[in-house]
Every structure is written in C-alpha cells, then in structure tokens.
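Our numbering numbers the first residue of the sequence shown as 51 and each following residue consecutively.
Here's the structure, in structure tokens; my notes come after.
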Amino acid sequence: MGAFLYSLFLQWILDIRSKAMLITGYVLPLIFFLFMGGIFTSVNPLSQETLIQSMCIFGISMGALVGLPPALVELYSSEIKKVYKANGIPLSLSVATHFISAFLHLLIMSSIIFILAPLLFEAELPKNITTFFISLTLFIMATLGIGCIFGLVMKNIAKLTMVSQIIFLPSIMLSGIMFPTDLLPKALNYVSKIFPATWAFQAMTEETVRLELCVPVLVVFLISCLVCIILLSKKVNL
Numbered sequence: 051m052g053a054f055l056y057s058l059f060l061q062w063i064l065d066i067r068s069k070a071m072l073i074t075g076y077v078l079p080l081i082f083f084l085f086m087g088g089i090f091t092s093v094n095p096l097s098q099e100t101l102i103q104s105m106c107i108f109g110i111s112m113g114a115l116v117g118l119p120p121a122l123v124e125l126y127s128s129e130i131k132k133v134y135k136a137n138g139i140p141l142s143l144s145v146a147t148h149f150i151s152a153f154l155h156l157l158i159m160s161s162i163i164f165i166l167a168p169l170l171f172e173a174e175l176p177k178n179i180t181t182f183f184i185s186l187t188l189f190i191m192a193t194l195g196i197g198c199i200f201g202l203v204m205k206n207i208a209k210l211t212m213v214s215q216i217i218f219l220p221s222i223m224l225s226g227i228m229f230p231t232d233l234l235p236k237a238l239n240y241v242s243k244i245f246p247a248t249w250a251f252q253a254m255t256e257e258t259v260r261l262e263l264c265v266p267v268l269v270v271f272l273i274s275c276l277v278c279i280i281l282l283s284k285k286v287n288l
C-alpha cells in the first residue's frame with residue numbers, strides 16, 4: 051500500500067508539471083468556460099440554469115478523452131514497460147495511478163467552475179448539490195475509463211488524437227449541453243444515448259439521484275474496467 055500511495059503521489063506531481071494535463075485538464079476547459087459562459091448566458095439567459103453542468107461536461111470530456119490517453123500510449127508503447135516487467139511491477143499500477151491522479155485534477159477543475167460560474171455569469175447552482183457531485187463523480191470515472199481504453203489500445207499518438215476527437219466531438223455536440231437533445235433528429239437522439247455525457251448531463255440537473263440516469267454511466271465505467279483488465283493481461287503476455 052505504501053508503494054502504491056508513493057506512486058500515486060509521484061504521478062500527481064508529474065501531472066501538475068505536465069503541460070498536457072495543464073492544457074487539457076485546466077487551461078482549455080477554463081478558457082472555454084470563460085469564453086462560452088458569457089456567450090451562452092447572453093444568447094439564452096435560461097442557460098444559466100445548466101451552465102455549471104454544461105461546462106463541467108465539456109471540461110471532463112476534454113481532460114479524460116484528449117488529455118489522459120497520450121500519457122498511457124507513451125508509457126505502454128515505450129521501453130518503460132520492460133522496466134516495469136523486469137522489476138516485477140504490475141502494469142496495472144500505472145493505469146491506476148494515472149486514473150486516480152486525473153480524477154483528482156478533473157474534480158478540482160469542475161469545482162473551480164462550480165465556484166466561479168455563479169460569480170461571473172450569475173449561473174444557478176444545481177438543484178441538489180449532492181446529486182450533482184454524485185453524478186459528476188460517476189461521469190469522471192466513466193469517461194476516464196474510456197480514456198484508459200484508448201491509451202491501452204492505441205500505439206500511435208497521431209491515430210490516438212484522431213480517434214479521441216471522433217468520440218469527443220459527438221459526445222459534446224449530442225449530450226445536450228449545446229442545445230436540448232429533443233431538437234435532434236430521432237436517429238441522432240438515439241445515437242446520443244451511447245455517450246455517458248448525455249446521461250450524466252441529465253443526472254446532474256435532477257433534484258434527486260435517479261438510477262435510470264446514473265446506472266448507464268456506471269455500466270460504462272464497469273465495462274471499461276473489464277476491457278482494461280483484458281488489455282493489460284494481453285500486454286503482460288507480450
């Protein structure tokens with residue numbers, strides 16, 4: 051346990067110093083929040099009711115789908131993997147530390163939005179703060195799980211960037227943070243339900259925890275964990 055906590059602390063420090071995490075986990079999400087927050091509330095004052103949820107969905111998706119995977123690709127596609135094996139260190143350790151460290155960073159970023167949105171744009175606080183943070187936590191876990199899969203599957207940063215964007219952009223556009231999903235064509239409305247962002251956004255805006263909204267997000271996380279375990283077992287045997 052001591053070795054794991056030390057590895058987690060070390061990863062936390064490395065992420066703080068990492069330009070990739072700084073940009074995708076803090077700079078871009080917060081710039082988007084500061085820029086689009088003013089536009090959203092000016093064009094449609096009703097967006098103040100869901101501004102916090104919308105900006106958190108964007109920031110978490112950016113950090114988890116675009117920011118996390120490259121770090122794992124660099125690790126598992128390099129000679130560092132052999133060093134892990136030679137010293138008897140489980141390959142799963144790095145995935146776990148990257149996951150937890152990224153989780154903490156994205157939670158901090160979301161908390162910054164939660165605090166600043168009412169002050170800067172007169173955004174309304176969630177109807178139920180406990181429900182909001184439970185849904186937020188589940189969404190961070192599910193999205194990071196998907197990010198870990200990308201990081202373990204892909205071996206090339208260029209291809210990874212393309213694949214990440216293919217998931218990231220539809221997830222944002224169809225989740226309901228830009229416009230209500232009811233306005234989408236029926237086919238796209240069905241497609242939107244594939245992405246955890248759609249379920250999480252609805253869950254964050256509810257007054258109580260609704261299992262029918264939280265369960266799909268939790269299922270995505272559990273499936274991603276299973277897939278990561280399978281991928282890691284294959285890498286061990288390589």
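Glycine included, each C-beta is placed from N, C-alpha and C at the ideal position.
Could you give the uninterrupted runs of the alpha helix (DSSP H) lying entirely in the segment 169-244, keeping only those of 4 residues or more?
-> 179-203, 207-223 and 236-242
Report the option in S57, N94 and S160 whose CA atom is closest to the CA atom of I150.
-> S57
Span separating the alpha-carbon of G75 from that of P95 = 27 Å
From L170 to I227, what does the alpha carbon distance come to, in whole angstroms?
-> 19 Å
Can you tell me whether S92 is buried or exposed, with buried defined as 16 or more other CB within 10 angstroms of its CB?
-> exposed
Do you know whose CA, among E262, Q61, V145 and R260, lies nearest G197's CA?
-> V145
State whether the segment 182-190 contacts the segment 239-253, with contact taken as three or more CB pairs (one from each stretch) at a distance under 8 Å.
-> yes
In or out: S283 buried (at least 16 other Cβ within 10 Å) or exposed?
-> exposed
CB-CB under 7 Å to G88, same chain, minus the five flanking residues each way: which ones, in chain order?
-> F171
Local conformation of E256 per DSSP, three classes | coil
Burial state of M112 (16 or more Cβ within 10 Å) = buried
Are the Cβ atoms of A83 and M105 separated by less than 8 Å?
-> Before going on, a small fix: residue 83 reads as Phe here, not Ala. Closer than 8 Å, so yes.
Going straight from the alpha carbon of K209 to that of L281, what length do you get?
-> 18 Å
For V277, which residues of its own chain have a beta-carbon under 7 Å away from its beta-carbon, when the five flanking residues on both sides are left out?
-> I199
Go through the segment 97-127 residue by residue and report every complete run of the alpha helix (DSSP H) that reaches 4 residues or more, in order.
-> 101-111 and 118-126
Using DSSP with H/G/I as helix, E/B as strand and the rest coil, what is P246?
-> helix
Can you tell me where the alpha helix (DSSP H) with S92 in it begins and where it stops?
-> L78 to V93
Straight-line CA distance for P79 to L101?
-> 13 Å
Three-state secondary structure assigned by DSSP to P266 | helix
Taking the C-alpha atoms as reference points, what is the distance between F90 and S97?
-> 6 Å
How would you call P176, buried or exposed, if buried means at least 16 neighbouring beta carbons within 10 angstroms?
-> buried
Please classify Y240: is it buried, with 16 or more other beta-carbons within 10 angstroms of its beta-carbon, or exposed?
-> exposed
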